[in-house]
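Trainee: For the sequence shown, the working numbering begins at 91 and goes up steadily by one. Cβ atoms here follow ideal geometry from the backbone N, Cα and C, with glycine treated the same way. Take a look at the following structure, please.
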Amino acid sequence: MNVEAKKLTALEEKWQQEIAAKAPSLEDAYTTEGLKPENLDASVVDRIPTPTGWRIAILPYRGAEKTKGGIALAEETQRKQQLTTVCGYVLKVGPVAYADEGKFPTGPWCKQGDWIIFGRYAGARIPIDGGEIRLINDDEVLGIVNDPEDVLHMW
91 MNVEAKKLTA LEEKWQQEIA AKAPSLEDAY TTEGLKPENL DASVVDRIPT
141 PTGWRIAILP YRGAEKTKGG IALAEETQRK QQLTTVCGYV LKVGPVAYAD
191 EGKFPTGPWC KQGDWIIFGR YAGARIPIDG GEIRLINDDE VLGIVNDPED
241 VLHMW
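Encoded structure:
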């Protein structure tokens, strides 16, 4: 049985071209299951401002597009959850973060690649093309978690 390939409409061809030509952005880290930092392109991480002093650049957690019960969440609800989250992924650490041995006698509280918990209103929200990051001070880290899904996200 000979099955012919489905011919794409002009609009479908245009969509495929737009997807292929799309530049990498912070949005690429967010999938239907939630934030997946491994999906971040290196060029995107390079464009993120390098924190100065004792600051840390984090990517706020945004949960899955659907609840565990299968209810689809509106994009506005997902954005609100990201805005009010207390969990994030450490993208970059400033050059003197955790350098004060008197304040941090046991060493750094977190490092690049860690999932951390921070105060709800901590830091500065910085909009970047394709998303938003937060810059927080090194002493605003409240804890480290293995999986952001272990933290109850309420908005």
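With a threshold of 8 Å, are at least 3 pairs of Cβ atoms found where one atom belongs to the stretch 126-142 and the other to the stretch 150-167?
Mentor: no
Trainee: Taking the C-alpha atoms as reference points, what is the distance between W144 and A212?
Mentor: Position 54 of the sequence shown, counting from 1, holds the residue named residue 144. Position 122 of the sequence shown, counting from 1, holds the residue named residue 212. Rounded to whole angstroms, W144 to A212 spans 14 Å at the Cα level.
Trainee: So the beta strand (DSSP E) L101 belongs to, where does it begin and stop?
Mentor: Position 11 of the sequence shown, counting from 1, holds the residue named residue 101. No beta strand (DSSP E) holds L101; the alpha helix (DSSP H) holding it covers A100 to A111.
Trainee: Apart from the five residues on each side of it in sequence, which residues of its chain come closer than 7 Å, Cβ to Cβ, to D219?
Mentor: Walking along the sequence shown from the start, residue 219 turns up at place 129. Excluding positions up to five away in sequence, the list reads S115.
Trainee: If you follow the beta strand (DSSP E) that R145 is in, where does it begin and where does it stop?
Mentor: In the sequence shown, the residue the question calls residue 145 occupies position 55. Unbroken beta strand (DSSP E) run through R145: R145 to P150.
Trainee: What is the rounded straight-line gap between the Cα of I138 and the Cα of K104?
Mentor: Here residue 138 is taken as the residue at index 48 of the sequence shown, counted from 1. Here residue 104 is taken as the residue at index 14 of the sequence shown, counted from 1. Each residue's Cα considered, the two are about 30 Å apart.
Trainee: Give me the Cα-Cα distance between S133 and D118, rounded to the nearest whole angstrom.
Mentor: To locate residue 133, count along the sequence shown from 1; it is residue 43. To locate residue 118, count along the sequence shown from 1; it is residue 28. Computed Cα separation, rounded: 12 Å.
Trainee: First and last residue of the alpha helix (DSSP H) that includes A132?
Mentor: For the purposes of this step, residue 132 is taken as residue 42 along the sequence shown, with counting starting at 1. Run containing A132: A132 to R137, per the alpha helix (DSSP H) assignment.
Trainee: Which whole runs of the beta strand (DSSP E) in the stretch 191-228 are 3 residues long or more, in chain order?
Mentor: 205-208, 214-218 and 221-227
Trainee: Among Q168, E123 and T142, whose alpha-carbon lies nearest the alpha-carbon of K158?
Mentor: By one-based count along the sequence shown, residue 158 stands at place 68. For the residues Q168, E123 and T142, the minimum Cα distance to K158 belongs to E123.
Trainee: Name the DSSP beta bridge partners of Y179, please?
Mentor: Start at 1 with the first residue of the sequence shown, and residue 179 comes out as number 89. Per DSSP, L149 and W205.
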